[in-house]
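Asks: Under numbering that gives the first Met the number 0, the first residue of the sequence shown is numbered 0, with each subsequent residue one higher.
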Amino acid sequence: MELWYTEKQTETYGITAKIKETYVNEQTDFQQLAMIETDEFGTMLVLDGMVMTTDKDEFVYHEMVAHPALNTHPNPEQVLVVGGGDGGVVREILKHEKVKRVVLVDIDGKVIEYSKKYLPNIASGLDDARVEVHVNDGFMHIHDHKNEYDVIMVDSTEPVGPAANLFTRGFYQGIYEALKDDGLFVAQTDNPWFKADLIQSVNRDVKEVFPVVRVFWANVPTYPSGLWTFTMGSKKHDPLAVDETAIPERETKYYTPRLHKAAFVLPKFVEDLVK
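1) Three-state secondary structure (DSSP) at H133?
2) Please confirm if T188 has its CB atom under 8 Å from at least one CB of chain B.
3) For K97, which residues of its own chain have a beta-carbon under 7 Å away from its beta-carbon, when the five flanking residues on both sides are left out?
4) How would you call K109, buried or exposed, if buried means at least 16 neighbouring beta carbons within 10 angstroms?
5) Taking K106 as the reference, which of V81, V150, K116 has the closest Cα?
6) Just checking my contact of M152 with V88 at CB under 8 Å: how many whole Å lie between their CB atoms?
7) Ends of the beta strand (DSSP E) at S287?
8) Would you tell me roughly how many angstroms separate the C-alpha atoms of E131 and G173, rounded to the nearest one?
9) Hey, L32 and Y113 are a contact pair by Cβ (cut 8 Å); roughly how many whole angstroms apart?
10) Can you tell me which residues form a DSSP beta bridge with K289?
11) Using only CA atoms, which one of P119, T228, R90 lies nearest to A262?
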């Protein structure tokens with residue numbers, strides 16, 4: 000008998016993958032968590048029926064959360080990651096020599112535990128000496144820490160369940176206050192094919208808080224539609240003002256210095272969403 004995993008992105012459309020093996024299928028205190036082995040994408044982390052990351056294409060998302068922001072800020076010593084319990088964003092942050100401290104706050108310790116066990120290449124940086132891991136509510140952490148971070152990265156799930164508060168104006172205001180005077184943040188902001196309203200509302204809310212707001216994108220095959228957006232809000236530094244020739248080459252598979260500004264060139268229909 001064959002087993003298949005299907006993520007329904009609408010009532011009439013979805014993606015599916017054949018399951019070779021199920022490692023974990025568990026209801027945690029916060030969400031349904033599954034670790035499955037697939038033919039096409041290797042090990043896959045699924046939360047509440049939605050693909051979070053896979054062995055094969057994880058590098059795209061994790062590199063694009065981390066590197067555009069860290070190459071925009073001139074001295075990103077203190078970095079906070081909200082969510083991201085799989086550790087992929089942390090792994091990419093650690094490639095930047097200027098970073099002195101990374102704080103990871105994820106509400107679900109099971110994501111961290113199972114990622115270390117079943118996604119070791121992604122979670123490889125979580126035991127680094129520069130990394131502090133806290134199993135806690137990222138929303139509360141933001142509001143309890145003022146003027147502390149140079150860069151904040153929001154690596155959240157969809158805006159449902161424990162992540163619902165991470166897509167609100169109040170959260171972005173909390174981020175603003177948790178950042179230093181020249182700080183910036185980046186968040187994943189879903190896809191324009193099925194979540195255009197979300198992208199518009201996030202863009203509007205972030206613009207009410209931050210003077211510099213830019214949207215960029217990447218191609219992530221296992222995410223709905225493949226076209227995935229990210230939003231950067233900055234108190235001072237503009238990612239489009241970065242000198243690409245000054246960005247050092249790092250060990251990456253998707254992001255390059257030449258891609259930095261190119262990622263901010265949006266398809267016309269996406270550009271229209273965020274005007």
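Backbone N, C-alpha and C fix where the C-beta goes; we use that ideal spot for every residue, glycine too. All values reported here derive from a predicted model rather than from experimental measurement.
Replies: Judging by the given coordinates:
1) Of the three classes helix, strand and coil, the one that applies to H133 here is strand, per DSSP.
2) Chain labels in this structure do not include chain B; a single protein chain is all it has.
3) N74, P75, E76
4) That one is buried.
5) Residue 106 is actually Ile in this sequence, not Lys. Here the closest residue by C-alpha is V81.
6) The Cβ separation is near 6 Å, so the contact holds.
7) Shown here, the chain extends from 0 to 274; a query on residue 287 therefore has no answer.
8) 20 Å
9) 7 Å
10) Residue coverage of the chain in this structure runs from 0 to 274, which leaves residue 289 outside it and unanswerable.
11) T228
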